[in-house]
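Protein chains in written order, with the numbering used here: chain A, 1 to 392; chain B, 1 to 248. Note that beta-carbon positions come from the ideal geometry of N, C-alpha and C, so glycine has one too. Note that this is a predicted model, so its numbers are computed, not measured. Take a look at the structure set out below.
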Amino acid sequence: MNQYLELFHSQRNLLQQHSHDVLNAQRQAAADALQRQGFPSQKVERYKYTNVAAAFEPNYGLKLDAPLTTDVLPDIARTYYGTLANVEQDAITALNTMLAQDLLVIYVPAGERREHPVQLTNMLRSAVPLMQNRRLLIVAEAGAHVQVLLTDKAESGQDFLTTQVTEVFVGEGAQVEFYDIEDSHERCHRFHQFYAQVAAGGKLTHTTFTLASGLSRNRTDVMLTGKGADVLMLGCVIANGQQHVDNNTLIDHQAPGCQSRELYKYVVDQQATGAFAGRVLVRQEAQQTDSVERNANLVCTEQARMWTQPMLEIYADDVKCSHGSTVGQLNDEALFYMRQRGISEAEAHMLLKQAFASEVLAEVPLEALRQRLQALVEKRFRNCEDCRFCHK
Amino acid sequence: MLEIKNLHATIGGKEILKGIDLTIRPGEIHALMGQNGAGKSTLSNVLVGHPAYTVTEGSVTYHGKDILALTPDERALEGIFLSFQQPVEIPGVSMVNFMRAALNAKRKHQGLEPMDAASFLKLMRERRKIVELDNKLTNRSVNEGFSGGEKKRNEIFQMAMLEPTLAILDETDSGLDVDALRIVAEGFNKLRKPETSAIVITHYQRLLDYLKPDFVHVLLGGRIVRSGGPELATEIEQHGFDWIKEEL
Numbered sequence: 001m002n003q004y005l006e007l008f009h010s011q012r013n014l015l016q017q018h019s020h021d022v023l024n025a026q027r028q029a030a031a032d033a034l035q036r037q038g039f040p041s042q043k044v045e046r047y048k049y050t051n052v053a054a055a056f057e058p059n060y061g062l063k064l065d066a067p068l069t070t071d072v073l074p075d076i077a078r079t080y081y082g083t084l085a086n087v088e089q090d091a092i093t094a095l096n097t098m099l100a101q102d103l104l105v106i107y108v109p110a111g112e113r114r115e116h117p118v119q120l121t122n123m124l125r126s127a128v129p130l131m132q133n134r135r136l137l138i139v140a141e142a143g144a145h146v147q148v149l150l151t152d153k154a155e156s157g158q159d160f161l162t163t164q165v166t167e168v169f170v171g172e173g174a175q176v177e178f179y180d181i182e183d184s185h186e187r188c189h190r191f192h193q194f195y196a197q198v199a200a201g202g203k204l205t206h207t208t209f210t211l212a213s214g215l216s217r218n219r220t221d222v223m224l225t226g227k228g229a230d231v232l233m234l235g236c237v238i239a240n241g242q243q244h245v246d247n248n249t250l251i252d253h254q255a256p257g258c259q260s261r262e263l264y265k266y267v268v269d270q271q272a273t274g275a276f277a278g279r280v281l282v283r284q285e286a287q288q289t290d291s292v293e294r295n296a297n298l299v300c301t302e303q304a305r306m307w308t309q310p311m312l313e314i315y316a317d318d319v320k321c322s323h324g325s326t327v328g329q330l331n332d333e334a335l336f337y338m339r340q341r342g343i344s345e346a347e348a349h350m351l352l353k354q355a356f357a358s359e360v361l362a363e364v365p366l367e368a369l370r371q372r373l374q375a376l377v378e379k380r381f382r383n384c385e386d387c388r389f390c391h392k
Numbered sequence: 001m002l003e004i005k006n007l008h009a010t011i012g013g014k015e016i017l018k019g020i021d022l023t024i025r026p027g028e029i030h031a032l033m034g035q036n037g038a039g040k041s042t043l044s045n046v047l048v049g050h051p052a053y054t055v056t057e058g059s060v061t062y063h064g065k066d067i068l069a070l071t072p073d074e075r076a077l078e079g080i081f082l083s084f085q086q087p088v089e090i091p092g093v094s095m096v097n098f099m100r101a102a103l104n105a106k107r108k109h110q111g112l113e114p115m116d117a118a119s120f121l122k123l124m125r126e127r128r129k130i131v132e133l134d135n136k137l138t139n140r141s142v143n144e145g146f147s148g149g150e151k152k153r154n155e156i157f158q159m160a161m162l163e164p165t166l167a168i169l170d171e172t173d174s175g176l177d178v179d180a181l182r183i184v185a186e187g188f189n190k191l192r193k194p195e196t197s198a199i200v201i202t203h204y205q206r207l208l209d210y211l212k213p214d215f216v217h218v219l220l221g222g223r224i225v226r227s228g229g230p231e232l233a234t235e236i237e238q239h240g241f242d243w244i245k246e247e248l
């Protein structure tokens with residue numbers, strides 16, 4: 001951790017010159033928060049399943065003098081930036097706030113509906129190990145509607161470390177669909193801190209697909225702050241080789257009559273490890289909450305590991321809530337049935353894994369993306385036998 | 001030609017088959033009868049390589065090949081098809097994808113290119129009609145939400161798609177009403193080629209009335225204790241199995 005604080009203190013001027021006031025204004029507080037907290041050990045509840053210090057240990061290059069894409073930020077940025085992503089409660093959010101240089105803002109004024117999705121593609125390319133700290137702010141005012149698709153890819157076979165903080169404000173009756181698709185490689189380490197607030201009658205769809213990566217750690221916090229707010233959270237993880245994927249979610253029901261649906265499915269193969277910890281908090285004032293949380297996992301080998309921890313915490317007395325999780329293996333009888341029809345073992349495995357993932361795919365609201373994801377998932381399972389992840 | 005010699009097999013350490021000898025020539029239909037627990041289903045499972053069973057003695061060759069050395073999918077590609085007594089439901093795997101994978105595996109084995117989508121769907125349509133299987137069912141996941149009778153029809157539909165040379169029907173008639181039985185049996189007869197042979201496991205004469213077996217065998221305690229022509233099935237229908245036991 002000290003290497004990052006030292007870097008900040010020694011390079012502060014360079015950093016600030018190539019950034020905005022909006023971001024610069026919060027750096028010192030973030031650095032203080034990071035110093036105070038240190039990287040979380042695995043004794044910290046929300047970081048139980050991922051060794052953060054080890055991921056930040058290597059010496060990554062950091063480009064501090066990149067030219068800004070624009071020197072104008074809308075006023076809205078000053079109003080919202082850093083208001084959800086609390087640096088006091090998460091060292092990685094603090095580190096990102098301390099070092100982030102550019103801010104991407106997606107602002108949809110009241111009542112405006114964006115017809116086409118906004119797609120953000122991050123392509124990692126570097127000759128040396130590289131760190132990047134990304135920042136995204138989405139503001140959808142009352143009645144606005146926007147779809148945002150974030151895709152993470154890596155072109156060069158290099159070590160990459162990414163921190164990303166995303167803050168999303170869903171206004172009254174607004175709709176935001178956020179799709180996060182990670183399709184990089186085993187030398188990519190990513191920490192995504194996603195914070196959202198949904199006002200009365202607003203709806204947020206959060207979908208995360210981890211198709212390929214080395215280490216993925218997603219913190220996803222959604223606060224339902226207004227009456228009748230709604231969130232749909234979908235997750236699909238395909239992990240093999242030495243991959244490690246950890247999703248840590250919080251759905252915070254703060255207002256009455258809100259609905260939350262959460263479904264995460266993992267296919268963990270070879271020596272990969274997966275973790276899912278999902279907390280649904282129903283506060284006393286959140287009467288008539290309707291919440292379903294489910295995590296289902298397919299563990300394909302004896303070496304693969306899956307940790308699952310659904311948590312439901314209810315302080316209101318008139319609610320409808322359920323939560324559950326399952327960990328299973330491929331169904332032997334189904335495998336045999338398919339093989340009796342001449343389907344090879346590898347193909348039968350692929351079909352069953354795909355079938356398992358299909359439940360999440362079917363829920364993806366954006367039709368064109370659903371079809372694309374279906375193809376990507378199939379490709380991922382199919383290439384498995386000879387792709388770079390396999391060490392058979 | 002299928003040749004079974006002195007076949008012994010166990011499940012969970014318990015010996016179920018205690019020396020089966022059976023030869024089936026191309027085009028022949030053999031009925032296998034016997035009380036529950038006699039080893040009929042064990043024999044069919046062993047022939048298709050179910051991993052729960054262990055062969056402890058004996059041999060099985062099909063067209064001269066030692067099939068006991070083959071994996072279940074390799075045996076299927078050699079032309080052996082089992083109509084399951086209890087077909088498995090596979091949620092999330094569509095009938096279309098399942099059949100396409102199976103058919104293309106067979107084509108690959110024969111050195112053919114995968115079938116194009118249009119021809120494949122046309123073939124599905126044609127073969128579906130033979131067993132009067134509803135279009136709605138072939139659009140679903142494999143066997144998911146099918147009734148008992150629909151599952152059995154679906155087995156024969158798959159057989160129609162894959163055109164095996166040896167079909168093993170394991171109580172395909174159980175759970176079928178009179179009409180469904182006729183449709184399935186007539187479907188089977190329509191599909192039959194001169195070289196297609198079959199092992200038909202059943203408790204009842206009715207299916208055999210349609211399929212007209214060349215030979216009938218009675219299995220008891222893991223052995224074939226009696227073999228004869230179609231008249232043996234009629235005798236069993238009338239008198240049960242006890243008289244055979246008494247004669248032994």
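If you check the beta carbons only, do residue i and residue j fall under 9 angstroms apart?
i, j, result
"residue 261 of chain A", "residue 231 of chain A", "yes"
"residue 124 of chain A", "residue 136 of chain A", "no"
"residue 40 of chain B", "residue 87 of chain B", "no"
"residue 249 of chain A", "residue 292 of chain A", "no"
"residue 360 of chain A", "residue 263 of chain A", "yes"
"residue 221 of chain B", "residue 38 of chain B", "yes"
"residue 268 of chain A", "residue 304 of chain A", "yes"
"residue 87 of chain A", "residue 26 of chain A", "yes"
"residue 53 of chain A", "residue 131 of chain A", "no"
"residue 209 of chain A", "residue 376 of chain A", "yes"
"residue 184 of chain A", "residue 152 of chain A", "yes"
"residue 179 of chain A", "residue 139 of chain A", "no"
Of all Cβ atoms in chain B, is any one closer than 9 angstroms to the Cβ of residue i?
i, result
"residue 354 of chain A", "yes"
"residue 389 of chain A", "Annotation note: pLDDT 39 at residue 389 of chain A (below 50); position unreliable, coordinate value reported separately. Answer no: the Cβ-Cβ gap between residue 389 of chain A and chain B never drops below 9 angstroms."
"residue 392 of chain A", "Reliability fails at residue 392 of chain A, whose pLDDT of 31 lies under 50, so the model's placement of it is uncertain and the value that follows must be treated cautiously. Closer than 9 angstroms: no."
"residue 33 of chain A", "no"
"residue 384 of chain A", "Caution is warranted here: a pLDDT of 49 is assigned to residue 384 of chain A, below 50, making its placement in the model unreliable, and no coordinate value can be reported."
"residue 338 of chain A", "yes"
"residue 370 of chain A", "no"
"residue 341 of chain A", "yes"
Tell me, please, whether the CB atom of residue i is closer than 9 angstroms to any CB atom in chain A?
i, result
"residue 85 of chain B", "no"
"residue 81 of chain B", "yes"
"residue 170 of chain B", "no"
"residue 199 of chain B", "no"
"residue 146 of chain B", "no"
"residue 73 of chain B", "yes"
"residue 175 of chain B", "no"
"residue 184 of chain B", "no"
"residue 98 of chain B", "yes"
"residue 92 of chain B", "yes"
"residue 57 of chain B", "no"
According to DSSP, is residue i part of a helix, a strand, or is it coil?
i, result
"residue 116 of chain B", "coil"
"residue 209 of chain B", "helix"
"residue 193 of chain A", "strand"
"residue 89 of chain B", "coil"
"residue 390 of chain A", "Confidence in residue 390 of chain A is poor, its pLDDT being 36 and thus under 50, which makes the residue's placement unreliable; the coordinate value appears in the next sentence. Looking at residue 390 of chain A - three-state DSSP - the assignment turns out to be coil, as it is neither helix nor strand."
"residue 358 of chain A", "helix"
"residue 384 of chain A", "Here residue 384 of chain A scores only 49 on pLDDT, less than 50, and its place in the model is too uncertain to base an answer on."
"residue 133 of chain B", "coil"
"residue 286 of chain A", "coil"
"residue 179 of chain B", "helix"
Using beta carbons (cut-off 9 angstroms, strictly below), is residue i in contact with chain C?
i, result
"residue 219 of chain A", "Of the chains in the structure shown, none is chain C; the protein chains are A and B."
Under 8 angstroms: do the region 279–291 of chain A and the region 312–329 of chain A share three or more Cβ pairs, one atom per stretch?
The region 279–291 of chain A vs the region 312–329 of chain A: in contact.
Listed from N- to C-terminal order along the chain, which residues in the region 307–335 of chain A have their beta-carbon within a distance smaller than 7 angstroms of any beta-carbon of chain B?
Correct list: 333, 334.
Give, in chain order, every residue of the region 120–144 of chain B whose Cβ lies closer than 7 angstroms to some Cβ of chain A.
The residues in question: there are none.
Count the C-beta pairs between the region 160–169 of chain B and the region 187–206 of chain B that are closer than 8 angstroms, then say yes if the count reaches three, no if not.
Touching, yes, given that three or more Cβ pairs across the two stretches are closer than 8 angstroms.
Does the region 89–106 of chain B come within contact of the region 171–188 of chain B, defined as at least 3 CB pairs closer than 8 angstroms?
Contact between the region 89–106 of chain B and the region 171–188 of chain B is absent, because fewer than three Cβ pairs lie under 8 angstroms.
Are at least three pairs of beta-carbons, each pair with one atom in the region 30–39 of chain A and one in the region 92–99 of chain A, less than 8 angstroms apart?
These segments touch.
Segment contact flag, the region 224–244 of chain B with the region 64–72 of chain B, C-beta cutoff 8 angstroms, min 3 pairs
The region 224–244 of chain B is not in contact with the region 64–72 of chain B.
How about the region 9–27 of chain B and the region 193–211 of chain B: do they share at least three Cβ pairs that are nearer than 8 angstroms?
Touching, yes.
Mind listing which residues of the region 149–160 of chain B have their C-beta closer than 9 angstroms to chain A's C-betas, in chain order?
Cβ contacts with chain A: 158.
Taking contact to mean at least 3 C-beta pairs separated by less than 8 angstroms, is the region 48–58 of chain B in contact with the region 120–134 of chain B?
Flag = no, the region 48–58 of chain B and the region 120–134 of chain B do not touch.
The region 252–264 of chain A: positions lying closer than 7 angstroms to chain B by Cβ
The residues in question: there are none.
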